[in-house]
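Q:
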Amino acid sequence: MRRGYTAADVRAAERPLLDRGLGETLMARAAYALAQVCLRELREHAGGAYGRRAVVLAGPGNNGGDARIAAGHLARAGVGVELVDALALDAADAPALGRRLADAELVVDGVFGTGARPGLPAALASAVAHWREARGQREPGRNTPAADVPAGHRRGPEGTARRRGPRPGTQRVIAVDIPSGVDGTDGTTRSDAADGLPEYIAADVTVTFAEEKAGLLLPPGRVAAGRVEVADIGVEIDTAPDVLSLEPADLAGVWPTPAQTAHKYSRGVLGLLAGSAEYPGAAILTATAALSTGVGMLRVLTAEPARTAVLQACPETVPGEGRVQAWALGPGAPEPERMQAIMHQIAADAAGSTAQDGSARPGSRVPPAVLDAAALDLLDGPLAFPAVLTPHAGELSRLLGRLGEPAAREEIEAAPVRYARRAAELTAAVVLLKGAVTLVAVPSGPVFAQSAGTPWLATAGSGDVLTGIIGAALAAGFLEGASHEDLPRMAELAAAAAEIHGLSAWHHHPDGGSPRRGRELRQGPQLGHEAGHRRPGPVRARDLAWAVRDTLSGLLGA
């Protein structure tokens, strides 16, 4: 499991060492670790370090110090290093620096650290824009007039300079601790960047020190950071993490599995109210996903004609009411009155009732619920029963408006963790905010951030599949019911469901191919990608729902 800490917690952990005069020692350790990663990346992607070119962007703080010392290590290894004072730039410097950045096999970003505000200074942002443009247009080995040759570039024959930029895909960008422009605690970038200039420097690898920073796990910082490597420099953090992220190898220890003596009722019974005459497919997808996840029994309360459609697609389902261990409500716009009645009954059971002798009966543990789509539109205050809400940014915007704290979709997308946490506080529920990085927040405690999915998951019906996975997990995980005290465990299961959902998109086989082996699944999508496995492509929600079974079996070692 990955753990992310706030910038303040990291600074507090460093303080005792700094007070003992060990600041230079920490910087030397950090710089050495950074240089080793840089040299390894040059060997793996540029064929070696000797004679390669590096541009080191250094700022005024500790990150700049780390970068400057690392530059010395690189130079001693034979790398041609250009050290740039990134905050001494003016607008006129930007085009030339952008070209030099594009020509380098290695760029080290040591401009800003975790204590800086999001965003980039205008001159640096302009240089990054020129760099991106040059990388997109550069043809390796094209000739440039000798008068335009940047310092340190080789001269070619006949008065020309061979500007041998790195081969496409071989340049490596290494961030020091955190990509410049990204907030170290919440992962945000400046949202008001003028003229479309870059807001941050995107990295291939981020070398972070002591522990991961929370901003490296949260969007958009998670995307900007690339692969994150943690270097141990002797700083220990004893506070609780602010962000957690489950990895594929963690899922076997998190997911509820049946005992040897299990029967269908002890494997979890899920009640499903989904689908309508207009959207029967939502009920089919949710049901298929729940069954693929291994729920012991699925009771379907959906009205006709959606009920018949579900029974035809999934003959294992049981129509009608009965005892359940969890509920899945809302996909496909089912009858709002019936959803409301179910939620009112769960709330009444959670609040307790009056015994026959007139004494107060304490509140009981009740079946938890996952509320999606249309069910979210019925909420206007704190929930009296334990639930997982699964909005996307637009649905969360509408929900927050009804809760008296309106926020536009664009505001939520710019600062998703802030609004997910606030929604969890206002609803007294787990809030799973869907996105490129899916966030799972509780009213108090760390937030989960999961990003196993691919952009191909943005397809109709994908959310219905996720609801089915979560519902099955809640049913199996809370056989005796749940209360609000169980929200942290519910959040963990929801995060695990999001990871399984994403991995299923990577490993589905609509062409009938064999499923991934368990070892490949537990390595996760990035490692499998680097190992040469097939890249993900378009995925239909139906294929995704069926892929859940093989994905989960592989992760559990079956």
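Okay, so the sequence shown: first residue is 1 according to full-length UniProt numbering, each after it adds one. For glycine and all other residues, C-beta sits at the position ideal for the given N, C-alpha and C. All of these numbers come straight from a predicted model, not from anything done at the bench.
Where H153 and E425 are concerned, what is the direct C-alpha to C-alpha distance, given to the nearest angstrom?
A: Confidence at H153 is low in this model, with a pLDDT of 36, below 50, so its placement is unreliable and no value can be given for it.
Q: DSSP three-state call for R155: helix, strand or coil?
A: At R155 the pLDDT is 33, less than 50, meaning the model places this residue with poor confidence; the figure from the coordinates comes in the next sentence. It is a strand residue.
Q: Buried or exposed: which applies to T317, given that a residue is buried once 16 or more other Cβ atoms fall within 10 Å of its Cβ?
A: The residue is buried, with at least 16 neighbouring Cβ atoms inside 10 Å.
Q: Take L242 as the anchor and find which of D9, G322 and L403 has the nearest alpha-carbon.
A: Strictly speaking, residue 242 in this sequence is Asp, with Leu absent from that position. Taking only the C-alpha atoms, the option nearest D242 is D9.
Q: Nearest by alpha-carbon distance to L244: which of G215, E485 and V223 is it?
A: Among G215, E485 and V223, the Cα nearest to that of L244 is on G215.
Q: Starting from the C-beta of E82, find all residues in its chain whose C-beta is less than 6 Å away, skip the five residues before and the five after it, and write them out in chain order.
A: Only V55 meet the Cβ criterion.
Q: Which residue's Cα is closest to the Cα of A249: T257, C38, I500 and V37?
A: Ranking T257, C38, I500 and V37 by Cα distance to A249 puts I500 first.
Q: CA-CA distance, L74 and G65?
A: For L74 and G65, the distance between alpha carbons rounds to 14 Å.
Q: With a threshold of 7 Å on Cβ separation, who are the neighbours of T188 within its own chain once the five nearest residues in sequence on each side are excluded?
A: Excluding residues within five positions, the ones whose Cβ falls inside 7 Å are P118, A414 and A415.
Q: Nearest to L197 by alpha carbon, out of E105, P258, V108 and H130?
A: Closest option to L197, Cα to Cα, is H130.
Q: In the structure shown, what three-state DSSP assignment does Y32 receive?
A: In the structure shown, Y32 sits in a helix (DSSP, three-state: H, G or I).
Q: How about W456 and P382: are their beta carbons less than 7 Å apart?
A: Cβ distance not < 7 Å, so W456 and P382 don't count as in contact.
Q: Quick test of the definition: if touching needs 3 or more C-beta pairs under 8 Å, does the region 293-302 touch the region 472-482?
A: Output reads yes: the region 472-482 touches the region 293-302.
Q: Spatial neighbours of V465 within its chain, please: C-beta separation below 6 Å, excluding the five flanking residues on both sides.
A: Same-chain partners within the cutoff: L285, A289, A541, L544 and A545.
Q: Return the CA-CA distance between D109 and E405, expressed in angstroms with no decimal places.
A: Computed Cα separation, rounded: 38 Å.
Q: Could you have a look at E229 and say whether DSSP puts it in helix, strand or coil?
A: Three-state DSSP puts E229 in a strand.
Q: Thinking C-alpha only, which one of L39, A375, L399 and A350 is nearest E337?
A: That would be A375, whose Cα lies nearest to the Cα of E337.
Q: Report the residue from S266, G332 and P315 whose alpha carbon sits nearest the alpha carbon of A283.
A: The shortest Cα separation from A283 among S266, G332 and P315 belongs to G332.
Q: Here's the rule I'm using: 16 or more other beta-carbon atoms within 10 Å means buried, otherwise exposed. How should L57 be labelled?
A: Classification of L57: buried, given that the 10 Å Cβ count is 16 or more.
Q: Could you tell me if E480 is buried or exposed, where buried requires 16 or more neighbouring beta carbons within 10 angstroms of its beta carbon?
A: With fewer than 16 Cβ atoms within 10 Å of its Cβ, E480 is classed as exposed.
Q: Let me make sure I understand the geometry here. Which of R11, A67, E133 and A134 has the alpha-carbon closest to that of G115?
A: Of R11, A67, E133 and A134, the residue nearest in Cα terms is R11.
Q: Using 8 Å as the threshold, is the region 174-186 in touch with the region 217-231, meaning 3 or more CB pairs across them?
A: A contact exists between the region 174-186 and the region 217-231.
Q: So, helix, strand or coil for M1, using DSSP?
A: If DSSP states are grouped into helix, strand and coil, M1 belongs with coil.
Q: For L527, which three-state DSSP category applies?
A: Its pLDDT being 35, under 50, L527 is placed unreliably by the model, and the measurement read from it follows with that caveat. Note: L527 maps to helix in three-state DSSP.
Q: Please state the DSSP three-state secondary structure of T261.
A: Residue state, collapsed to three classes: coil.
Q: Can you pull the DSSP bridge partners for A58?
A: Partner(s): D85 and G110.
Q: Which residue's Cα is closest to the Cα of G80: E133, G61 and Y50?
A: The option with the nearest alpha carbon to G80 is Y50.
Q: For T551 and S444, I'd like the C-alpha separation in whole angstroms.
A: The straight-line gap from Cα to Cα measures roughly 31 Å.
Q: Under a three-way DSSP split, which group does R117 fall into?
A: Of the three classes helix, strand and coil, the one that applies to R117 here is coil, per DSSP.
Q: In terms of alpha-carbon separation, which member of A175, V310 and L270 lies closest to A277?
A: Measuring from the Cα of A277, the nearest candidate turns out to be V310.
Q: Terminal residues of the continuous beta strand (DSSP E) containing T427?
A: T427 -> not in any beta strand (DSSP E); alpha helix (DSSP H) instead, spanning P416 to T427.
Q: Does R172 come out as helix, strand or coil in the three-state DSSP assignment?
A: The answer is strand: DSSP assigns R172 an E or B state.
Q: Can you tell me which of the three DSSP states T144 falls into?
A: Bear in mind that the predicted position of T144 carries a pLDDT of just 33, short of 50, making it unreliable; the figure below should be weighed with that in mind. T144: strand per DSSP, three-state reduction.
Q: Thinking C-beta only, is L87 closer than 7 Å to G59?
A: It is a contact, given that the beta carbons lie within the stated cut-off.
Q: Between which two residues does the beta strand (DSSP E) carrying L389 extend?
A: L389 -> beta strand (DSSP E) spans A387 to L389.
Q: Report the start-end ranges of each alpha helix (DSSP H) in the region 284-335 that is 4 residues or longer and not cut off at the edges.
A: Counting only runs of 4 or more, we get 306-313.
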